[in-house]
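Remember, this note's numbering sits 18 above the position in the sequence shown when you count from 1. All C-beta atoms, glycine included, are put in the ideal place defined by N, C-alpha and C. If you're wondering where the values come from, they're calculated on a predicted model, not measured in any experiment.
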Amino acid sequence: MSLIDISSNLLLIAFIAYILGTMLIAGSIKQNDGAANRAEKWGKAGIVVSIIGFIAQLGYFVTRWIYAGHAPVSNMFEFTTAFGMFLVGAFILIYFIYRVKILGLVALPIAVLFISYATMFPTDVTPLVPSLQSHWLTIHVVTAAIGQSILAISAVAALIYLLKEVDPKTPSKERFWLEAILYFCVVVVGFVIVTLTFRGMGYEAEFTYIDKTGMEREIVYNMPAIFGMNEYELKSDGAMEPLLEMPALINAKKLTTVTWSFLAGTILYLLYRLIVRKRICELLNPLMTKVNSNLTDEIGYRSVLIGFPIFTLGALVFAMIWAQEAWGRFWGWDPKEVWALITWLFYAAYLHLRLSKGWEGRKSAWLALIGFAIIIFNLVFVNLVIAGLHSYA
19 MSLIDISSNL LLIAFIAYIL GTMLIAGSIK QNDGAANRAE KWGKAGIVVS
69 IIGFIAQLGY FVTRWIYAGH APVSNMFEFT TAFGMFLVGA FILIYFIYRV
119 KILGLVALPI AVLFISYATM FPTDVTPLVP SLQSHWLTIH VVTAAIGQSI
169 LAISAVAALI YLLKEVDPKT PSKERFWLEA ILYFCVVVVG FVIVTLTFRG
219 MGYEAEFTYI DKTGMEREIV YNMPAIFGMN EYELKSDGAM EPLLEMPALI
269 NAKKLTTVTW SFLAGTILYL LYRLIVRKRI CELLNPLMTK VNSNLTDEIG
319 YRSVLIGFPI FTLGALVFAM IWAQEAWGRF WGWDPKEVWA LITWLFYAAY
369 LHLRLSKGWE GRKSAWLALI GFAIIIFNLV FVNLVIAGLH SYA
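Take a look at the structure:
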């Protein structure tokens, strides 16, 4: 068995361990007061399994690094799996500080979604393009990912806080937006299903198009094209013609993928509502009855305090140093750079409002979720849909 096969198997072990860890933690929470010992055992087992999963994924990361000869953070598959690993690592660290295992009920499923999402992209190890052949790839990207993963824990704590505090049976704006967040999680599941479906069908449609430099390029769609590339021309017989043509700035192939994901996710969500006849937040609310809201709020705040300076170093300081080395300028208003700055400004505002204006509890929780939404927008939409120097293959 080759090193890359060992790496793939370790990632699969981590994936299974995170699912099992989620189930064990959920089981420990659902135990009634008379089964405290059993609940404690289930909770400890869930943490142990989570740690095993994290070690396995760390093994995947190291073995892939050795095989590739560079840090495995150079494409969407590698970066997204690394993000999930750092998120679980941050959860384990926070658990040993605060002993709040319910964080795993949200953090572990998010890691599972990240791994599932990542495996929909090409997993092959490819040589780095010249612009990425630098030690700053490791320093900049890994530090930024660690910072974002710790910031993500604030969103995990915020979601748990709101699932307890927001009444799922009373109509309100908070209930609407809380359910919307859970709906977007279902959209990720829709992405996985629709990608696997069209991949299983072997669907391919070849196009030529004109990129933003005026050059003619070729591109292959693996889903029926809803959006066409700039000045596209369909080359495959029997394939679907795009409904709309996009300008060169937009990667229409990836926009098509996002659209199909929303369509599939919406169908899944509607089927769930039809069968279960209750909102997802209403289903999860009973699991949060024993949550200490003040402690959860504190964890969310402390996560931002720790994650913000790490993100600042990775996403801004180290990024600007590498930009100067690679492109001869510290800042160039590339879409990825702009959204990194927006993310930094948002969390700076979060800390200002928390420390100066006393925004705690619900206000702080909603800010943490908005911040994580910006991170996800940067990861998915900016990386995949908007063409730029940082766009992943």
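Contact check, residue i vs residue j, beta carbons under 8 Å
i: A176; j: L105; result: no
i: G389; j: Y368; result: yes
i: A358; j: A337; result: yes
i: Y239; j: K271; result: yes
i: L29; j: Y78; result: yes
i: T188; j: G332; result: no
i: M306; j: L385; result: no
i: F280; j: M241; result: no
i: A243; j: A266; result: no
i: S25; j: R82; result: yes
i: A74; j: A32; result: yes
i: F245; j: M233; result: no
i: I69; j: I110; result: yes
i: L261; j: F225; result: no
i: G87; j: A35; result: no
i: V159; j: F114; result: no
Buried versus exposed, by CB contacts within 10 Å (16 or more), residue i
i: W60; result: buried
i: V130; result: buried
i: N312; result: exposed
i: F112; result: At residue 112 the sequence reads Ile, which differs from the Phe that was named. I112 should be labelled buried.
i: E236; result: exposed
i: I293; result: exposed
i: I392; result: buried
i: T144; result: exposed
i: F329; result: buried
i: I164; result: buried
i: M247; result: buried
i: S254; result: exposed
i: V206; result: buried
i: A411; result: Below a pLDDT of 50, predicted positions are generally treated as unreliable, and A411, at 43, falls in that range; the measurement from the model is reported next regardless. When all chains shown are included, A411 counts as exposed.
i: V67; result: buried
Residue i versus residue j - alpha carbon distance
i: S167; j: V398; result: 15 Å
i: Q342; j: M41; result: 47 Å
i: T213; j: I228; result: 26 Å
i: L371; j: W377; result: 6 Å
i: L407; j: V356; result: Below a pLDDT of 50, predicted positions are generally treated as unreliable, and L407, at 49, falls in that range; the measurement from the model is reported next regardless. So the two alpha carbons sit approximately 12 Å from each other.
i: N303; j: E316; result: 20 Å
i: A282; j: N310; result: 36 Å
i: A44; j: R56; result: 13 Å
i: K375; j: Y319; result: 14 Å
i: T141; j: S190; result: 43 Å
i: I324; j: A100; result: 19 Å
i: S92; j: L155; result: 8 Å
i: Y287; j: F202; result: 10 Å
i: E192; j: Y179; result: 12 Å
i: W362; j: V174; result: 19 Å
i: P127; j: S134; result: 10 Å
i: T231; j: L38; result: 49 Å
i: E300; j: D185; result: 8 Å
i: V204; j: F95; result: 20 Å
i: I268; j: G64; result: 43 Å
i: V118; j: M258; result: 50 Å
i: A136; j: T277; result: 17 Å
i: V335; j: P327; result: 10 Å
i: I412; j: Y221; result: There is simply no residue 412 to check, as the chain begins at 19 and stops at 411 in what is shown.
i: N27; j: L373; result: 45 Å
i: Y116; j: T274; result: 43 Å
i: A383; j: T314; result: 10 Å
i: A125; j: L146; result: 31 Å
i: K354; j: N396; result: 7 Å
i: G208; j: Y290; result: 13 Å
i: G122; j: I360; result: 28 Å
i: W195; j: L387; result: 10 Å
i: K62; j: G218; result: 39 Å
i: G379; j: I339; result: 38 Å
i: A108; j: F364; result: 21 Å
i: A405; j: E58; result: Any answer about A405 is weak, because its pLDDT of 48 lies below 50 and its placement is not dependable; what the coordinates show is given next. About 50 Å.
Cβ distance (whole Å) where residue i is taken to contact residue j below 8 Å
i: I120; j: I47; result: 6 Å
i: G102; j: F139; result: G102 to F139, Cβ: 13 Å. No contact.
i: R297; j: E197; result: 5 Å
i: S172; j: S321; result: 4 Å
Can you give, in chain order, each stretch of the alpha helix (DSSP H) that sits fully within the region 185 to 240 and has at least 4 residues?
Entirely contained in the region 185 to 240, the alpha helix (DSSP H) runs reaching 4 residues are, in chain order, 191 to 219.
What alpha helix (DSSP H) runs, 4 residues minimum, are completely inside the region 307 to 349?
Listed in chain order, they are 311 to 329, 336 to 345.
For the region 243 to 303, list the alpha helix (DSSP H) runs that are entirely contained and at least 4 residues long, ordered along the chain.
With a minimum length of 4 residues, the continuous alpha helix (DSSP H) runs that stay inside the region 243 to 303 are 270 to 294, 298 to 302.
As an exercise, report each continuous beta strand (DSSP E) stretch of at least 3 residues that is fully enclosed by the region 52 to 113, in chain order.
Counting only runs of 3 or more, we get nothing.
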